[in-house]
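Numbering (the UniProt record's numbering), first residue to last: 1 to 514.
If you want it as structure tokens, here you go:
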């Protein structure tokens with residue numbers, strides 16, 4: 001039956017991401033395990049591509065192979081590897097399985113296999129369970145056989161991407177939007193808002209037009225500039241970054257356009273500027289609204305004629321530079337106030353591209369939190385680092401005026417607090433809402449662990465939506481019932497006076513299980 005289902009997934013016309021997700025779902029049902037994860041290898045880092053059975057924030061985690069011995073062992077073998085329940089090697093998903101309601105539990109059974117395309121390692125497939133003995137010798141043999149279907153699905157997706165590239169007249173398939181050459185400059189998120197921006201980036205990348213990135217402080221405008229450069233035909237040439245707000249007016253001209261010997265006191269030799277350094281590539285002017293008016297006039301000449309003049313020189317030099325600018329200011333208002341040149345504004349904003357604030361990015365908050373949790377886990381040498389369900393609700397409720405940068409700092413600060421409060425590095429460390437220091441109020445659960453008839457959850461405060469309050473209350477009641485009945489779903493269904501199938505569907509909708 002499994003083989004027929006996997007074949008059906010391969011033969012059905014559907015997006016590559018959907019095909020891979022369906023395969024992962026099918027494998028989890030067949031092996032009756034807690035989680036199945038498909039990870040792609042990129043620069044010695046494994047990135048989740050499709051997951052089933054893990055909490056949502058796991059999608060944002062990037063697993064450095066050198067920091068995870070189990071993943072390293074899978075990559076080092078061409079055959080399936082099973083880790084016994086008493087293995088001393090920590091599992092990268094400890095505390096992250098969605099079926100462990102509110103508890104920070106270690107994985108007790110694990111197996112996986114490396115995946116190869118054209119004799120080159122593409123990534124790994126992992127299967128995890130809380131119940132020891134879930135995987136048998138037969139499971140190992142089945143995994144070996146069914147991994148071929150996963151490799152085929154990945155290859156089909158690659159071929160489809162190459163065909164699309166040829167139809168669009170590209171010499172080669174462009175990198176997947178959101179993925180960059182270096183893992184530390186990756187745009188992370190799956191919301192419609194981010195997908196829309198990345199789609200626009202892909203379209204405008206090949207046009208070689210000036211692009212003006214607009215957005216609040218902390219939304220990650222520099223990452224989008226890097227992505228635009230990567231997707232452009234100039235990707236193999238330099239990307240030069242300039243923070244205009246950090247340029248003193250007295251040095252701005254020299255920094256941007258260079259100078260000749262003797263141009264000013266201390267100019268002991270000729271020096272090229274940032275425009276010449278970016279020749280053939282891209283120049284990114286961050287906080288362009290901070291440029292002095294005198295420099296704006298010289299910048300306009302570069303955009304008009306493609307020429308620069310070094311400070312102290314009477315000669316012009318040709319430069320071939322694609323310009324990307326970014327600002328968190330209202331440049332239209334600055335034009336009205338005569339603090340920004342109107343002609344320069346129109347030159348820079350040939351293609352204005354707003355970057356959405358974090359509060360408009362739906363579920364990206366959890367995914368980004370997972371990314372920062374894994375970074376801090378590695379930085380602090382922790383076995384595992386996770387958010388409690390209440391802490392996850394808190395970050396979803398908060399409005400994030402400082403955007404992604406603020407989220408990063410909040411997670412980092414909370415992780416350090418855990419250590420200062422005595423958490424051992426060998427524990428599965430859990431961040432609770434009070435450690436986040438966020439100005440939010442959560443709906444409270446009253447005595448859910450004691451008596452099912454003792455009152456339920458209190459009404460939520462005004463800044464929590466009805467839908468969120470209902471979901472939160474349902475999740476807490478299910479967790480309490482499972483806790484009372486030793487994680488028996490059938491007994492929990494009776495306790496909650498629900499049909500067992502309805503309980504499973506509700507838990508799936510709430511992200512507690514598939």
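Quick reminder that beta carbons are idealized off the backbone N, C-alpha and C, glycines included.
Everything numeric in this text was worked out from a predicted model, so none of it was measured.
- By a beta-carbon distance limit of 8 Å, residue 40 contacts residue 123. Their separation comes to about 4 Å.
- Shown here, residue 35 sits in a strand according to DSSP, grouped into three states.
- Between residue 412 and residue 477, the alpha-carbon positions lie close to 31 Å from each other.
- Assignment of beta strand (DSSP E) within the stretch 172-243, counting only whole runs of 3 or more residues, yields 211-214 and 239-243 in chain order.
- Contact between residue 80 and residue 91 does not hold, since their C-beta atoms are separated by about 16 Å, which reaches or exceeds 8 Å.
- Between the stretch 308-320 and the stretch 191-198, the count of Cβ pairs shorter than 8 Å is below three; the stretches do not touch.
- Annotation for residue 343: the continuous alpha helix (DSSP H) segment containing it runs 342-348.
- Per the DSSP secondary-structure output, residue 113 pairs in a beta bridge with 125.
- Nearest Cα to residue 247 within the set 336, 373, 131 and 288: 288.
- Taken through DSSP and simplified to helix, strand or coil, residue 264 comes out as coil.
- Burial is judged here by how many other beta carbons sit within 10 angstroms of a residue's own beta carbon; residue 226 has at least 16 and is buried.
- Residue state for residue 48 is assigned as strand, using DSSP reduced to three classes.
- Residue 355 holds the alpha-carbon nearest to the alpha-carbon of residue 403 among 269, 440, 355 and 385.
- CA-CA distance, residue 484 to residue 496, rounds to 11 Å.
- For residue 324, the enclosing beta strand (DSSP E) stretches over residues 322-327.
- CA-to-CA, the gap between residue 432 and residue 365 works out to about 16 Å.
- Beta-bridge partners assigned by DSSP to residue 430: 386.
- Membership of residue 82 in the beta strand (DSSP E) is indicated by the continuous run 81-83.
- Under the criterion of beta carbons closer than 8 Å, residue 348 and residue 398 do not qualify as touching, at roughly 33 Å.
- For residue 234 against residue 280, the beta-carbon gap comes to about 7 Å, under 8 Å, which counts as contact.
- Secondary structure of residue 64 (DSSP, three-state): strand.
- Using a Cβ distance threshold of 8 Å, residue 117 and residue 155 count as a contacting pair.
- Taking C-beta separations shorter than 7 Å and ignoring five residues to either side along the sequence, the partners of residue 394 in its chain run 433, 436, 438, 440 and 442, following chain order.
- Here DSSP, grouped into helix, strand and coil, assigns residue 367 to helix.
- Distance from residue 58 to residue 66 at the Cβ level is roughly 19 Å; contact not present, criterion being Cβ atoms closer than 8 Å.
- Inter-residue distance for residue 229 and residue 282 is about 7 Å (C-alpha atoms, whole angstroms).
- Within the same chain, no Cβ atom closer than 7 Å to the Cβ of residue 502 is found once the five residues on either side in sequence are excluded.
- In this structure residue 373 does not touch residue 353 by the C-beta definition: roughly 29 Å separates them, more than the 8 Å allowed.
- Residue 421 and residue 428 have their C-alpha atoms some 14 Å from each other.
- Beta-bridge partners of residue 485 (DSSP): none assigned.
- Cα atoms of residue 53 and residue 126: separation of roughly 11 Å, rounded to the nearest angstrom.
- About 5 Å separates the beta carbons of residue 243 and residue 286, which is inside the 8 Å limit, making them a contact pair.
- Short of 8 Å from the beta carbon of residue 335, and not among the five residues preceding or following it, lie these beta carbons of its own chain, in chain order: 341, 342 and 345.
- C-alpha of residue 119 to C-alpha of residue 151: approximately 11 Å in a straight line.
- In this structure, 37 is the residue among 359, 37 and 333 with its C-alpha nearest to the C-alpha of residue 48.
- Shown here, residue 398 sits in coil according to DSSP, grouped into three states, outside any helix or strand.
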